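Note that this note's numbering gives residue 173 to position 154 of the sequence shown, counting from 1, and the numbers run on in steps of one.
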Amino acid sequence: FAHHFHTDHPVFSCSKIEQKQLNTWVSFQSAEQPLLGQFSVSSNSLKQRGLYSLVPPASVVPAQVHRTNILNHDPHYRHLPPLWEKLKDDREGRLLPPEERLARQMQFQLAYVSYVGLVIRRALERYGLRRIDGNYVFSWAGRSFVLRHDVHDWVVTQSEGSALRIVPIAWFGASIKISESLEPDRIVCWPGVSTSVASPQSLPVSPLDLYVVEKMGKLFDEWMLRQLLQGHGRKLGALPTPAKKLTQAWPEQFESISSTHVRLLAPVDAQKAAELKASLKGSANSQVVDAVGDAIEQISAFAQLCGHPARFERGQQQDFYCKCETCQATWSLKTTGKRRHFAMRPKGASAIPEEDGFLWSGRDWIGFDLSSEK
């Protein structure tokens, strides 16, 4: 891995300790499976050629066998030294007392936890992640988030209380079999193999996967967007009469529900926002003031998900469509029957098959369903 890719690239940049842990994981994971398969083919070939029958039955390979110069330097035997070292490590591991074997496994686990934390931090750099008082913090759409290390887990908590917990497990199997359903917003990560597939509650995270930061980033992007979309179009009120009259004068942005309640369904400019907040000040309770302020910030976030101000078109049933004239990205919330679907696509996405979207544009290709209930 290190021979083929420059690990000082920003995606892979880390401390010397983290780099050492990364190299350990790469060596451990990449040397085992392919070489064992080649060794099996070679041994079967030797059997078919009759070599085994020429070895006297009483012959015993001594335990003190050592590697020869041919084994070390002849390219024909280049696959054998890694297998030799693997066999040596396995034998030594079986001879260790249980306490030392546990200590080794814990070392692997801690190294993997550290690596997953590195991937998470890289994925969250898009949101301006910074370190304050031992925790990592960032803000988005009027909400603040904290990333913290909780024993072996990594937890991202937002200011309104919801949290996403990442559970790293140093397991080298192809899949994670979860016999019991996990708590909501809890994702298990494991190194996996090249054929490992993610599920709603598990994500393979390996240094051998060059898309690993994009996959982790997409996980967080979708979680944060879901939180934001759940609050879209929520009922605001009870509003004082002056504030309610203001919203009635702006039907493009507000939908009236009753004589005291409204929904905010499109962004309002800074002047209207200031005017509405001023009318609420002193005449509405603090919860209503905060709810209206949050709704204004969140709907504004929808209008610039790509990082640029975009054209926002309000639709039916609290749907919307946005297009950025700067980067040509589009995103929308669309209701069809009981299905509510959010989708975000970068420029040129119309020519790309749906199944190739992530490989083509990474985390900027997003699509997921929401509950139709409000």
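Even for Gly, the Cβ is constructed at its ideal location relative to N, Cα and C. Fair warning: this is a prediction, and the values are worked out from it, not measured in the lab.
- Bridge partners of residue 281 according to DSSP: 255, 275.
- A direct Cα-Cα distance of roughly 14 Å separates residue 178 from residue 250.
- When C-beta atoms of the stretch 348-357 are compared with those of the stretch 299-317, fewer than three pairs fall below 8 Å, so the two segments do not count as touching.
- Annotation note: the stretch 200-262 contains the following uninterrupted beta strand (DSSP E) runs of length 3 or greater, listed N- to C-terminal: 205-209, 221-223.
- Under the criterion of beta carbons closer than 8 Å, residue 90 and residue 100 qualify as touching, at roughly 7 Å.
- Judged by pairs of C-beta atoms under 8 Å, the stretch 191-198 touches the stretch 209-220, as three or more such pairs exist.
- Residue state for residue 390 is assigned as coil, using DSSP reduced to three classes.
- Taking the Cβ atoms as the reference, residue 135 lies roughly 6 Å from residue 224, within the contact range of under 8 Å.
- Residues of the same chain with a CB within less than 6 Å of the CB of residue 132, apart from the 5 flanking positions on each side, are 171, 187 in chain order.
- Nearest Cα to residue 210 within the set 201, 200, 345, 227: 227.
- Residues 358, 359, 360 of the same chain have their beta carbon placed closer than 7 Å to that of residue 388, with the five preceding and five following residues left out of the count.
- If you look at residue 375, you'll find it isn't in any alpha helix (DSSP H); DSSP assigns it neither H nor E.
- In terms of CA proximity to residue 278, 265 leads the group 349, 346, 265.
- Straight-line spacing of the CA atoms in residue 94 and residue 103 works out to 15 Å.
- According to the DSSP assignment, residue 296 belongs to the alpha helix (DSSP H) that extends over 289-299.
- Bounds of the alpha helix (DSSP H) holding residue 89 are 88-92.
- In the assembly as shown, residue 221 is a buried residue. Its beta-carbon has 16 or more other beta-carbons within 10 Å.
- Residue nearest to residue 311 within the set 333, 281, 269 is 281 (criterion: CA-CA distance).
- Residue environment analysis places residue 235 among the buried positions, since at least 16 neighbouring C-beta atoms fall within 10 angstroms of its C-beta.
- Burial check for residue 149: the Cβ neighbour count within 10 Å stays below 16, so the residue is exposed.
- Within the same chain, and ignoring the five residues on either side of residue 246 in sequence, the residues whose Cβ sits closer than 7 Å to its Cβ are 177, 181.
- Exposed is the label assigned to residue 370, since fewer than 16 other Cβ atoms lie within 10 Å of its Cβ.
- According to DSSP, residue 155 shares a beta bridge with 150, 166.
- For residue 103, there is no enclosing beta strand (DSSP E); the enclosing alpha helix (DSSP H) covers residues 99-114.
- Residue 74: not part of any beta strand (DSSP E); DSSP gives it neither H nor E.
- Ranking 144, 87, 167 by CA distance to the CA of residue 237 puts 144 first.
- The criterion of a C-beta distance shorter than 8 Å is satisfied by residue 317 and residue 161.
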